[in-house]
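Single-structure report; data block below.
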Amino acid sequence: MKHWRFKRRHISEAIVKFFMLLSFLLVAASLISILWTILSKGLPALSWEMVSQTPKGGYYLGKEGGILNAIVGSLLLAGGATLIALVISLPIALFLETYVMKTRWARYVRLTMDILWGIPSIVYGAFGFTLMLSLGMRASLLGGIIVLALLEIPIMTRAMDEVIRLVPEELSHASLALGASKLETALKVTIRQMMPGIITATLLAFGRGIGDAASVLFTAGYTDRIPTSLSSPTASLPLAIYFQLGTPYPEVQQRAYASALILTLIVLAVSLGSRLISARLSKYINK
Amino acid sequence: MTAEAHKLPLGQRLFPRRQHDRIGSKVLFVLTLIPMILLIAITVALVIKTLPLLREYSLASLLGGTEWKPLKGLFGYLPFISATLWVTILALVIAVPPSLLTAIYLSEYASKPLRSVMKPILDLLAAIPSVIYGVWGMLVIVPWVQNKVIPFANSFPNGFPLLNTDNPTGFGILSGAIVLAVMVAPFIVAVTNEVLTAVPEGIRHASLAVGATRLQTIQRVLIPSTRQGMFASVVLGFSRAMGETMAVLMVVGNVVQMPGSILDAAYPLPALIANNYGEMMSIPMYDSALMGAALILLVMVLILNIASTLILRRLMGRVRRAW
Chain A
1 MKHWRFKRRH
11 ISEAIVKFFM
21 LLSFLLVAAS
31 LISILWTILS
41 KGLPALSWEM
51 VSQTPKGGYY
61 LGKEGGILNA
71 IVGSLLLAGG
81 ATLIALVISL
91 PIALFLETYV
101 MKTRWARYVR
111 LTMDILWGIP
121 SIVYGAFGFT
131 LMLSLGMRAS
141 LLGGIIVLAL
151 LEIPIMTRAM
161 DEVIRLVPEE
171 LSHASLALGA
181 SKLETALKVT
191 IRQMMPGIIT
201 ATLLAFGRGI
211 GDAASVLFTA
221 GYTDRIPTSL
231 SSPTASLPLA
241 IYFQLGTPYP
251 EVQQRAYASA
261 LILTLIVLAV
271 SLGSRLISAR
281 LSKYINK
Chain B
1 MTAEAHKLPL
11 GQRLFPRRQH
21 DRIGSKVLFV
31 LTLIPMILLI
41 AITVALVIKT
51 LPLLREYSLA
61 SLLGGTEWKP
71 LKGLFGYLPF
81 ISATLWVTIL
91 ALVIAVPPSL
101 LTAIYLSEYA
111 SKPLRSVMKP
121 ILDLLAAIPS
131 VIYGVWGMLV
141 IVPWVQNKVI
151 PFANSFPNGF
161 PLLNTDNPTG
171 FGILSGAIVL
181 AVMVAPFIVA
191 VTNEVLTAVP
201 EGIRHASLAV
211 GATRLQTIQR
221 VLIPSTRQGM
231 FASVVLGFSR
241 AMGETMAVLM
251 VVGNVVQMPG
261 SILDAAYPLP
271 ALIANNYGEM
281 MSIPMYDSAL
291 MGAALILLVM
301 VLILNIASTL
311 ILRRLMGRVR
321 RAW
């Protein structure tokens, strides 16, 4: 009897372990499937022309041209938005850590951030669009940047708030004990210790911004030209993929796959880059 | 000391750094108001935009109506709400069991090297833009549903429950749900993994020391103590999935109807907004109705979000989160 029970629990352990391994492989396999699909479909259609030219006449019928407008547009949109988000998020994260720490106010701010973070980007897009309509703005680079920035602020603040807690308390205590004010401690001690985290958070938000389509759909518009000012409409890569995929011409759909590959490469490069930079920088940090 | 300096109040003259600190803290405090203002502004703007619609129609006729014909002035949200629920719930049915198992495997069984490989994989999955998932869905999932699942469903002479359909294209709820499942899985894995890691090692050791196997430790110790957290991570995944726009829009078919089977095409709320906003502004009430759709989506997401966040907060306090 004892022997049998001993065996049974080991068998059930093995079965459950098998299913766990299976699920694990399923998750890993789906990533490989996505990357493989994008690579195998996109690579044949990728050309220098794609990344170096704007769409010429009849581009969406299969004539020549490229998607430089969307690449530049996406970089400008996500870059501008990330800059604005950084200017707002960093002080919030510093304030939460330095001044209010564990007070009720800090809890409310964090809860709000969590809630904002969960709001779908299409809702940000719809909100941004109403706001722009009431201000008399047209779909433009500026509109897209602002809405993307709103989307990125909670992502960035939360990511920074995570790393800021890893800064050893002793360091700021030491700084305060030497007579530095809280502001000086925040700006001269905490911020340096946070550097890898700030960079990771910024790149994370940039990656989310550049890949988001629903929020720029109405606010940034779409055009075949490279934007010349903040008020000109701006193309973006996700929308370029979506629109090209929607045409009935196989040549244009091929280019959608190539565009998807470009977007994936940018996002992967940003993601890997943030890992490398933060690994490199964290060597210089007091742990 | 210059002449101007004497005009400053004594405290400021003697302690300029303290003054900077005070001003700095006020500026920073004002910045923390931004997120709250933003949250309130979004809600208020959507409500104001929806008001004209609410004045004309009763809430029951909007939420319960199945007809969506803007030109005739019919705005029933039920097909969209039910499409959103069908796609999201099916996505969770597909995603939750493997996600929870993977999270448990990673935190309880996996070797260190495997764990360190899996973390970047999850990060990458989370970083891939939704439009890429959509492209993948169109290229891989939709043909699979069309060529494998639909013939299989049609091979039952009397039909199979939830699988009856006259939609031969493969664009439908099932495709949308599979794509969504792949999108939310890394997220659920990350949150659950975080919850499990927060359980103190000592508890596991105690259970193992009295002779329990790993599995028994999981069943009797870990799952009971993290049940709430796992639930919250699933709810959080649910709210993520609900608002996902692009990926679902590309594979779900976008037909306004009350779905009767998982192979039918459907039209979820985010797709409705994305496909129509910015156009048809000349039709009366149309933009108000689309804002109403955004408001419904916001309310659904907010309820799920606040509930799960509060559970997770209470459970983990200020334990750091990885997602």
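If you read the sequences in order, they're chains A and B. My numbering numbers the first residue of the first sequence as 1 and each following residue consecutively. My numbering numbers the first residue of the second sequence as 1 and each following residue consecutively. Note that the Cβ used here is the ideal one computed from N, Cα and C, for glycine as well. Predicted model only: the values in this text are computed from it and were never measured.
For B/T165, the number of other beta carbons within 10 angstroms of its own is at least 16, and it is reported as buried. In the DSSP annotation of this structure, the continuous segment of the alpha helix (DSSP H) that includes B/R22 starts and ends at 16-56. Residues of the region 224-240 of chain B that bring their beta carbon within less than 9 Å of a beta carbon in chain A comprise L236, S239, R240, in sequence order. Within 8 Å of the CB of A/H10, the CB atoms of chain B belong to T213, in sequence order along the chain.
Residues E108, Y109, L208 of the same chain have their beta carbon placed closer than 8 Å to that of B/R214, with the five preceding and five following residues left out of the count. Within chain B, the residues placing a beta-carbon under 8 Å from that of A/Y242 are V131, G134, M246, M250, ordered along the chain.
Taken atom to atom, the span from the alpha-carbon of B/W144 to that of B/N276 is near 29 Å. A residue is called buried when at least 16 other Cβ atoms come within 10 angstroms of its Cβ; A/S134 does not meet this threshold and is exposed. Considered as a whole, the region 94-170 of chain B harbours 112-127, 130-136, 150-154 as its complete alpha helix (DSSP H) runs of no fewer than 4 residues, in chain order. Residues of the region 76-92 of chain A whose Cβ lies closer than 7 Å to any Cβ of chain B, in chain order: I88, P91, I92. CA-to-CA, the gap between B/L38 and A/G118 works out to about 13 Å. Take A/L46, set aside five residues on each side of it, and the residues of its chain with a beta-carbon closer than 8 Å to its own are A258, L261, I262, in chain order. 8 Å or more divides the Cβ of B/A241 from the Cβ of A/A126. A/A235 is the residue among A/S229, A/L150, A/A235 whose C-alpha sits nearest the C-alpha of A/A220. Restricted to the region 210-265 of chain B, the alpha helix (DSSP H) segments that are unbroken, complete and at least 4 residues in length are 214-217, 223-243, 246-251, listed in chain order. Within 8 Å of the CB of A/P168, no CB atom of chain B is found; the nearest one sits about 14 Å away. One thing to note: A/S232 has its Cβ within 8 Å of the Cβ of A/S140. For B/F75, the pairing in a beta bridge is given by DSSP as B/W68.
By the criterion of at least three beta-carbon pairs nearer than 8 Å, the region 221-239 of chain B is in contact with the region 177-194 of chain B.
Taking 8 Å as the threshold, the shortest C-beta distance from A/Y99 to chain B falls below it.
Counted as a single uninterrupted DSSP element, the stretch harbouring A/D224 is not any alpha helix (DSSP H), since DSSP gives it neither H nor E.
B/I178 is classed as buried because its beta carbon has at least 16 other beta carbons within 10 Å across all chains shown. In the DSSP annotation of this structure, the continuous segment of the alpha helix (DSSP H) that includes A/G209 starts and ends at 191-211. If you check each beta-carbon in the region 288-309 of chain B against every beta-carbon of chain A, the ones closer than 7 Å belong to M291, A294, L297, L298, V301, L302, N305, I306, T309. In this structure A/S121 touches A/S215 by the C-beta definition: roughly 4 Å separates them, less than 8 Å.
DSSP, reduced to helix, strand and coil, places A/P250 within a helical segment of the structure shown. Nearest CB-CB separation between A/E64 and chain B: not below the 8 Å threshold. Looking only at A/P238, A/V252, A/K188, the smallest Cα-Cα distance to A/Y222 is reached by A/P238. Here DSSP, grouped into helix, strand and coil, assigns A/S229 to coil. Cβ contact annotation for B/S130 (same chain, cutoff 8 Å, sequence separation greater than five): M183, E244, T245, M246, A247, in chain order.
A Cβ-Cβ contact shorter than 8 Å links B/L272 with B/F80. A Cβ-Cβ contact shorter than 8 Å links B/V251 with B/G137. Residues A106, V109, R110, D161, I164 of the same chain have their beta carbon placed closer than 8 Å to that of A/L96, with the five preceding and five following residues left out of the count.
For the pair of segments examined, the region 214-229 of chain B was found not to touch the region 148-155 of chain B: the number of CB pairs separated by less than 8 Å stays below three. Counting only residues of its own chain and dropping the five nearest sequence neighbours on each side, A/G207 has a CB closer than 7 Å to the CB of V267, V270, S271.
Boundaries cannot be given for A/A180, as no alpha helix (DSSP H) includes it and DSSP labels it neither H nor E.
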